[in-house]
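S.K.:
Residue numbers (our numbering), protein chains in the order written: chain W, 3 to 376; chain F, 48 to 245.
1. Suppose the cutoff is 8 angstroms on Cβ atoms and the five residues either side in sequence are ignored; what does the same chain contact list for residue 117 of chain F look like?
2. Would you decide whether residue 199 of chain F is buried or exposed? Buried here means 16 or more other CB atoms lie within 10 Å of its CB.
3. Check residue 48 of chain F in the structure and name its three-state DSSP category.
4. By the three-class DSSP mapping on this structure, what secondary structure does residue 74 of chain F have?
5. For the region 46-73 of chain W, enumerate the residues whose C-beta is nearer than 8 angstroms to any C-beta of chain F, in chain order.
6. In the DSSP assignment, the alpha helix (DSSP H) including residue 204 of chain F goes from what residue to what residue?
7. With contact counted as at least three CB pairs below 8 angstroms, one residue from each stretch, are the region 340-357 of chain W and the region 324-332 of chain W in contact?
8. Let me check understanding here. Comparing Cα to Cα, which of F:192, F:207 and F:214 lies closest to residue 227 of chain F?
9. Name the chain F residues whose beta carbon is nearer than 8 angstroms to that of residue 335 of chain W?
10. Counting Cβ pairs closer than 8 angstroms, one from the region 84-100 of chain F and one from the region 179-191 of chain F, do we hit at least three?
11. Quick one: measure Cβ to Cβ for residue 53 of chain F and residue 66 of chain F, integer angstroms, because I've assumed they're closer than 8 angstroms.
12. Identify each residue in the region 5-25 of chain W for which the Cβ-Cβ distance to at least one residue of chain F is less than 9 angstroms, and report them in chain order.
13. Could you tell me whether the region 10-20 of chain W touches the region 212-231 of chain F, where touching means 3 or more Cβ pairs closer than 8 angstroms?
14. Is the beta carbon of residue 50 of chain F within less than 7 angstroms of some heavy atom of the ligand SAM?
15. Within 10 Å of its beta-carbon, does residue 98 of chain F have 16 or more other beta-carbons around it, so buried, or fewer, so exposed?
16. Can you give me the start and stop residues for the alpha helix (DSSP H) that residue 186 of chain F sits inside?
17. Grab me the residues of residue 69 of chain F's own chain with a C-beta within less than 6 angstroms of its C-beta, minus the 5 sequence neighbours each way, in chain order.
18. Please report the distance separating the alpha-carbon of residue 47 of chain W from that of residue 204 of chain F.
19. Per DSSP, what kind of secondary structure is residue 90 of chain F in: helix, strand or coil?
20. In chain W, which residues lie less than 7 angstroms from residue 97 of chain F when you measure between Cβ atoms?
21. With 8 angstroms as the limit, tell me which residues of the region 51-63 of chain F have their beta carbon closer than that to any beta carbon of chain W; keep them in chain order.
22. Just to make sure I have the definition right: I need the residues of chain F whose C-beta is within less than 8 angstroms of the C-beta of residue 37 of chain W. Which are they?
23. Measuring straight from C-alpha to C-alpha, what distance separates residue 346 of chain W and residue 69 of chain W?
24. Which bits of chain W does residue 179 of chain F rub up against, with CB to CB less than 8 angstroms?
25. Kindly list the residues whose CB is nearer than 6 angstroms to the CB of residue 220 of chain F, restricted to its own chain and excluding five residues on each side of it in sequence; keep chain order.
26. Could you check where the alpha helix (DSSP H) with residue 223 of chain F kicks off and where it finishes?
27. Please report how far the alpha carbon of residue 100 of chain F lies from the alpha carbon of residue 108 of chain F, in whole angstroms.
28. According to DSSP, is residue 59 of chain W part of a helix, a strand, or is it coil?
29. Considering only the alpha carbon of each residue, which of F:111, F:96 and F:202 lies closest to residue 72 of chain W?
30. Looking at the unbroken alpha helix (DSSP H) that takes in residue 26 of chain W, where does it start and where does it end?
If you want it as structure tokens, here you go:
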């Protein structure tokens with residue numbers, strides 16, 4: 003004979019006919035004799051019965067219509083999501099390969115890129131954009147002229163030191179090439195900055211000699227590459243003058259004599275950025291170090307308030323994303339689904355998510371500079 | 048799973064809305080009622096049921112056909128409801144008597160009651176009404192098995208799949224849930240008068 007406690011544990015299963023025959027009989031026998039357990043069983047049976055008889059509520063009349071609308075919307079979203087994933091993969095591949103190209107360039111050229119960019123800045127400003135549109139055709143020739151980069155004092159200084167080494171070590175072989183470097187370092191810097199355009203045509207061999215030798219030197223001088231940051235400046239303007247606005251921004255940055263450059267060499271970047279282009283916005287990439295960046299931002303904020311505004315892109319974007327999500331949820335709650343608005347919202351969401359992805363996949367300072375046209 | 052159901056599932060997996068709608072026709076009312084008992088309010092149940100079907104549509108690729116489609120969708124239902132209940136619980140963390148400033152005066156903060164509020168009118172019968180209220184007072188794990196077993200009449204095997212627990216666990220959970228429900232009802236004994244005999 004089982005104890006009452008054991009029987010009580012079995013009552014629930016007994017009610018549901020979930021006990022094997024033997025145990026079921028045992029329980030049955032027990033409750034016939036034990037009034038306490040019998041009471042318990044009856045109470046439970048009654049509760050179960052009430053639950054069994056509980057009325058069912060009917061669906062709202064428009065349940066299926068509303069659901070149908072939502073399913074249609076969902077199905078469209080899923081289609082778009084598929085596309086995004088495909089696109090995202092493509093972008094990621096591009097970024098990765100661009101990054102790989104970067105590494106190769108840095109390694110092979112000895113971290114020359116930034117200085118080289120700085121160089122083209124000392125050229126006259128219109129040329130900057132020439133260079134950009136000419137797909138950096140002058141790149142290789144600019145190497146020699148890097149020596150004249152005024153802004154990178156440290157580098158110039160070490161260049162000078164190296165120039166002496168160069169003069170000592172390669173006297174015999176490259177007497178011609180090093181002759182001018184030999185004399186007066188300061189003069190040489192000035193000379194280079196004044197003869198950039200000449201370099202292109204007249205001093206080709208000399209430039210290429212400098213080129214090769216400097217590679218090693220820059221590895222040795224341990225340039226603070228980690229201080230260089232890439233900045234994406236997204237400009238949106240309704241005016242036609244995006245080119246001149248671009249120039250203005252560039253000039254502001256130029257004020258500090260920093261290594262600021264419109265992304266020229268990296269035309270490959272352009273097609274990553276092409277995806278960023280939306281409405282009237284344009285993205286360009288600059289390279290500058292942290293200090294210059296700070297000055298640059300300050301300058302824009304102090305003197306160009308109203309004309310340009312700087313927002314931390316990421317915060318701005320994720321804020322917007324939240325807003326979109328909330329709005330979509332609101333719409334879904336609302337039984338009258340406005341398909342058009344949903345479509346445009348999910349489009350915008352796609353765009354914002356894409357931008358955020360782009361930002362997150364790059365280790366960059368993110369700035370959005372808005373040009374207010376009015 | 049019947050041949051027809053299998054076919055509909057495959058079509059729904061490829062995004063066929065009509066096929067999906069045919070699939071859910073048979074279980075819509077049950078899904079709605081599970082949500083209604085879980086959350087205790089008709090409008091919220093409506094919202095949750097919609098969410099259940101959207102979620103099911105989104106994730107039907109994960110349905111492998113190792114149970115009936117209805118069992119799978121009850122599982123989605125239970126999960127959506129439990130998620131909602133847990134989110135609601137988390138939200139109420141503000142101190143109940145913290146004073147806030149309003150029009151230069153300090154007033155007591157008033158917190159809306161987020162506990163399930165069964166629609167009183169829905170239960171015409173007094174005893175059913177009280178049982179319904181008591182179910183709403185159960186913790187969500189007990190509540191779900193009582194709803195699935197005693198209101199919706201699912202088998203132990205099905206419930207085990209829906210709540211993703213071994214059948215043994217389901218058995219003891221149903222037992223404890225009924226005991227707990229009885230205890231709550233006993234607390235309301237005086238309300239029950241002769242209707243509830245003992």
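Where is the CB? At the ideal position from N, CA and C, for every residue including glycine.
M.R.: Answer, in terms of the structure:
1. Against the second chain, residue 117 of chain F aligns to sequence position 70. If we look at residue 117 of chain F and ignore the five residues flanking it on each side, its Cβ neighbours are 73, 74 and 77.
2. Counted from its first residue, the second chain places residue 199 of chain F at position 152. Buried is the call here.
3. Here residue 48 of chain F refers to the residue found at position 1 when the second chain is read from its first residue. DSSP places residue 48 of chain F in coil when its eight states are reduced to three.
4. The residue labelled residue 74 of chain F in the question sits at position 27 within the second chain. The DSSP-derived three-state label of residue 74 of chain F is coil.
5. 46, 48, 49, 50, 52, 53, 54, 55, 56, 57, 58, 59, 60, 61, 62, 65, 66, 68, 69, 70, 72 and 73
6. On the second chain, position 157 is the one that residue 204 of chain F refers to. 203-209 is the span of the alpha helix (DSSP H), which, as asked, contains residue 204 of chain F.
7. yes
8. As a working mapping, residue 227 of chain F is identified with position 180 in the second chain. Ranking F:192, F:207 and F:214 by Cα distance to residue 227 of chain F puts F:192 first.
9. Looking up residue 335 of chain W in the first chain gives position 333. Per Cβ cutoff of 8 angstroms: 94.
10. Yes, the region 84-100 of chain F touches the region 179-191 of chain F.
11. Numbered from 1 along the second chain, position 6 holds the residue referred to as residue 53 of chain F. Numbered from 1 along the second chain, position 19 holds the residue referred to as residue 66 of chain F. That pair is no contact at about 11 angstroms.
12. In summary, the residues of the region 5-25 of chain W whose CB is separated from some CB of chain F by less than 9 angstroms are 10, 11, 12, 13, 14, 15, 17, 18 and 20, in the order they occur in the chain.
13. yes
14. With respect to the ligand SAM, the structure shown offers nothing to examine, as it has no ligands at all.
15. Taking the second chain and counting its residues from 1, one reaches residue 98 of chain F at position 51. When all chains shown are included, residue 98 of chain F counts as buried.
16. As a first step, residue 186 of chain F must be located in the second chain, where it is residue number 139. Counting along the chain, residue 186 of chain F falls outside any alpha helix (DSSP H), and DSSP gives it neither H nor E.
17. Residue 69 of chain F sits at position 22 when you count from the first residue of the second chain. Closer than 6 angstroms at the Cβ level, and outside the excluded window around residue 69 of chain F, lie 55.
18. In the first chain, counting from the first residue as 1, residue 47 of chain W sits at position 45. In the second chain, counting from the first residue as 1, residue 204 of chain F sits at position 157. If you take the alpha carbons of residue 47 of chain W and residue 204 of chain F, they lie about 21 angstroms apart.
19. Along the second chain, one-based indexing puts residue 90 of chain F at 43. Correct three-state label for residue 90 of chain F: helix.
20. Here the question's residue 97 of chain F lines up with position 50 in the second chain. 68, 69 and 72, listed in chain order.
21. The region 51-63 of chain F vs chain W, Cβ under 8 angstroms: 62.
22. Translated into positions along the first chain, residue 37 of chain W becomes position 35. None at all; the shortest Cβ gap to chain F is about 11 angstroms.
23. Here residue 346 of chain W is taken as the residue at index 344 of the first chain, counted from 1. Here residue 69 of chain W is taken as the residue at index 67 of the first chain, counted from 1. So the alpha carbons of these two residues sit roughly 20 angstroms apart.
24. Taking the first residue of the second chain as position 1, residue 179 of chain F is located at position 132. Going along chain W in sequence order, the residues near residue 179 of chain F (Cβ under 8 angstroms) are 56.
25. Sequence index remark: in the second chain, residue 220 of chain F carries index 173 (1-based). 192, listed in sequence order.
26. The residue given as residue 223 of chain F occupies position 176 in the second chain. Taken as a continuous stretch (DSSP letters only), the alpha helix (DSSP H) holding residue 223 of chain F covers 214-234.
27. Residue mapping note: residue 100 of chain F aligns to position 53 of the second chain, counting from 1. Residue mapping note: residue 108 of chain F aligns to position 61 of the second chain, counting from 1. Whole-angstrom Cα-Cα distance: 14 angstroms.
28. One-based indexing of the first chain puts residue 59 of chain W at position 57. Of the three classes helix, strand and coil, the one that applies to residue 59 of chain W here is coil, per DSSP.
29. As a first step, residue 72 of chain W must be located in the first chain, where it is residue number 70. Minimum Cα distance to residue 72 of chain W is reached at F:96.
30. Position 24 of the first chain, counted from the start, is the residue given in the question as residue 26 of chain W. First-last of the alpha helix (DSSP H) with residue 26 of chain W: 23-35.
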